[in-house]
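When the letters of the sequence shown are read in order and numbered with the working numbering, they come out as residues 748 to 1028.
We treat Cβ as the ideally placed atom computed from N, Cα and C, and that holds for glycine.
Data first, discussion second: the structure below is written as structure tokens.
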Amino acid sequence: MSASGSSSDALSGLDFGARDVRRLTRGDVDAAVLRAAGLDDLVDRLSRQGAAASDAARRSVTAHLRERFGARDPHSGAILRVVFALLLLSVLPVGMLNGIRLGIENTVVPGAVVSVVVGAGVLAAVAAAGVQPLGRPVALQTTLLAVLLIAAAGAAWAPTGGWVRLAYLAGAAMGAAAALIVRIVRARGRSLTAAVDDGVEVAHLDAAAEIAAERDQMMADLAHELDGRPDVADLVQRRSAAIAELRSRGGTMAADEPGTPPGGYIIHEQTTLWIPPSRRP
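And the structure:
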């Protein structure tokens, strides 16, 4: 249900487009109230500034992880990306061997080549980390990759022979070795392992402290800008009434906090865009 077009006095003159009332946020109401008061420029500026702060926070998280872990970055490091790509490729040998059952020819040899390439690739990626532990995602991905290559080697044992069979076995052996190395290094360096596993969380906490200070400054600037306006109380009252009405219509937003100045919810929401949805308050 859209709030737009409502006959309620609380929502009269507020434009939410065609959005479902259940998807509206307090920031949406904040913006609608300010726009209805002719403060479009303020809404646009707060949105831009908040979005810019979120972009900066994202870059801060990325920079923190790259500086601390380099290629071992547990969020988007080079080793994680390579291993993930190889994990996707590791499905191919099993699929190609399935061509034998379907009567498709010339799939066994390409499967053997892919198996060797994947096994050698993941072993090289793991070796690039040296004696430094890799994150939990890499540990899981290398294990899955090894299982797939071993399954391919098992499936290739009967229908193949010679160097082709050896190629499948070599790929499986290298994949298993890579997974084992990751596990051993993680088990031996427990404090370093904990650091890389908690790296993303720590980076987010650091960025959160930085953006909190920026958010406080934006709120202070907003309060200064609104100081002396005779309609501030009316804007807050209208926002409270609109939020209460939307909540009664099935809206899931929290109740209004009258102490928040008009535009405050816009700042809060735009400066939390950098946080993954699962972590947002």
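{"Item": "Residues bridged to residue 953 (per DSSP)", "Value": "Answer by DSSP bridge pairing: none, since residue 953 is not bridged."}
{"Item": "Residue from 1024, 758, 794, 783 whose Cα sits closest to the Cα of residue 1029", "Value": "Since the displayed the chain opens at 748 and closes at 1028, residue 1029 lies outside it and no answer follows."}
{"Item": "Exposure of residue 1015, with buried meaning 16 or more beta-carbon neighbours within 10 Å", "Value": "buried"}
{"Item": "Where the alpha helix (DSSP H) containing residue 1000 begins and where it ends", "Value": "Taken as a continuous stretch (DSSP letters only), residue 1000 belongs to no alpha helix (DSSP H), as it is neither H nor E."}
{"Item": "Rounded C-alpha distance that separates residue 816 from residue 775", "Value": "39 Å"}
{"Item": "Residue 762, DSSP secondary structure in three states", "Value": "coil"}
{"Item": "Proximal residues to residue 1023 (C-beta, below 8 Å), its chain only, five neighbours per side dropped", "Value": "none"}
{"Item": "Residue interval of the alpha helix (DSSP H) (run including residue 940)", "Value": "937-944"}
{"Item": "Nearest candidate by alpha-carbon position, reference residue 947, set 882, 832, 756", "Value": "882"}
{"Item": "Cβ-based neighbour list, residue 1005, same chain, cut-off 7 Å, excluding 5 preceding and 5 following", "Value": "983, 987"}
{"Item": "Coarse secondary structure for residue 787, derived from DSSP in three states", "Value": "helix"}
{"Item": "Rounded Cβ spacing between residue 943 and residue 821 (contact assumed at less than 8 Å)", "Value": "5 Å"}
{"Item": "Rounded C-alpha distance that separates residue 843 from residue 859", "Value": "9 Å"}
{"Item": "Residue 767, DSSP secondary structure in three states", "Value": "strand"}
{"Item": "Euclidean distance between Cα positions of residue 913 and residue 841", "Value": "15 Å"}
{"Item": "Local conformation of residue 853 per DSSP, three classes", "Value": "coil"}
{"Item": "Of the listed residues 935, 1009, 980, 875, nearest to residue 966 (C-alpha basis)", "Value": "1009"}
{"Item": "Rounded distance between the beta-carbons of residue 1021 and residue 801, thought under 8 Å", "Value": "4 Å"}
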